[in-house]
DNA sequence: GACCAGGCACATC
DNA sequence: GATGTGCATGGT
């Protein structure tokens, strides 16, 4: 690690400023968004969520009562609409049966227990579970995504072999455990990823460029 | 028209 | 346990 997590954060924050992700929305909307955004551009998810808002369906029981083939049409813009309807319904079933439809009750759970129960739902993997916990429950758990892996592994700051939890542990160990910081850091990583760290990297004018050891990215399988 | 996006489950070896 | 594949829309 030639650059510290704090240094990288400072660079990104100075370059882009606060990202204000998922502000002023309900926690249920966070859950729906976390499900719909899987491997999908956020702008497409926004269309789907707007459809649900227009239909006054941003509430667990109401959404669960929508016939699946109608729900498909509403979330179609978010892509993968057949699998996502099923996954959404799996989560809704959990919220309604386990928590009587109350997200406050769900988010009152101890974090590790909640995480375990979320991961047991078909359609929720580690990133989705952690997104729900960080952005919905507002409890400090770091969200690792494709860009986190790309940015940090290509710069040689994290080993390529590291799996989800190894990467997550790296952030947990190196940062103050703070919801706002984790939120902002993840958002900034996605921002710099969009702009400079796609599959074809565009390192010129990247705010992280001169933090590269040797000035060259690590040869990249991702 | 190719490439890509804030994953995940499942099949196959 | 590792690796490959299907899932689908919409923007660049």
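Residue numbers (the numbering used here): 115 to 336.
Cβ atoms here follow ideal geometry from the backbone N, Cα and C, with glycine treated the same way.
Same chain, Cβ closer than 8 Å to residue i, five either side skipped, listed in chain order
i           : result
residue 194 : 152, 153, 154
residue 146 : 163, 166, 172, 177, 202
residue 190 : 162
residue 281 : 258, 262, 263, 266, 272
residue 260 : 307, 336
residue 197 : 237
Cut-off 7 Å between Cβ atoms - residues of its own chain near residue i, not counting five sequence neighbours on either side
i           : result
residue 286 : 256
residue 235 : 204, 205, 208
residue 174 : 142, 206, 209, 210, 215
residue 159 : 147, 150, 151, 192
residue 133 : 298, 301, 302, 305
residue 278 : 240, 258
Span of the alpha helix (DSSP H) around residue i
i           : result
residue 271 : Segment: none, residue 271 is in no alpha helix (DSSP H) and carries neither H nor E.
residue 174 : 174-179
residue 289 : Careful: residue 289 lies outside any alpha helix (DSSP H) and carries neither H nor E.
residue 161 : 156-168
residue 242 : 240-245
residue 188 : 182-189
Simplified DSSP state of residue i, which is helix, strand or coil
i           : result
residue 254 : coil
residue 132 : coil
residue 315 : strand
residue 194 : coil
residue 223 : coil
residue 228 : helix
residue 144 : helix
residue 327 : helix
residue 276 : coil
residue 336 : coil
residue 260 : helix
residue 338 : With the chain running from 115 to 336 in the structure shown, residue 338 is simply not present.
residue 171 : coil
residue 151 : coil
residue 215 : coil
residue 200 : helix
residue 139 : coil
Close-in-space but distant-in-sequence residues of the same chain around residue i (CB under 6 Å, 5 per side omitted)
i           : result
residue 262 : 303
residue 245 : 148, 257
residue 233 : 243
residue 237 : 201, 204
residue 288 : 119
| query | Does the stretch 221-230 come within contact of the stretch 119-130, defined as at least 3 CB pairs closer than 8 Å? | reply | no
| query | Taking one C-beta from the stretch 317-331 and one from the stretch 122-132 each time, how about it: are there three or more such pairs within less than 8 Å? | reply | Judged by pairs of C-beta atoms under 8 Å, the stretch 317-331 touches the stretch 122-132, as three or more such pairs exist.
| At least 3 beta-carbon pairs within less than 8 Å: the stretch 288-300 vs the stretch 245-255 | yes
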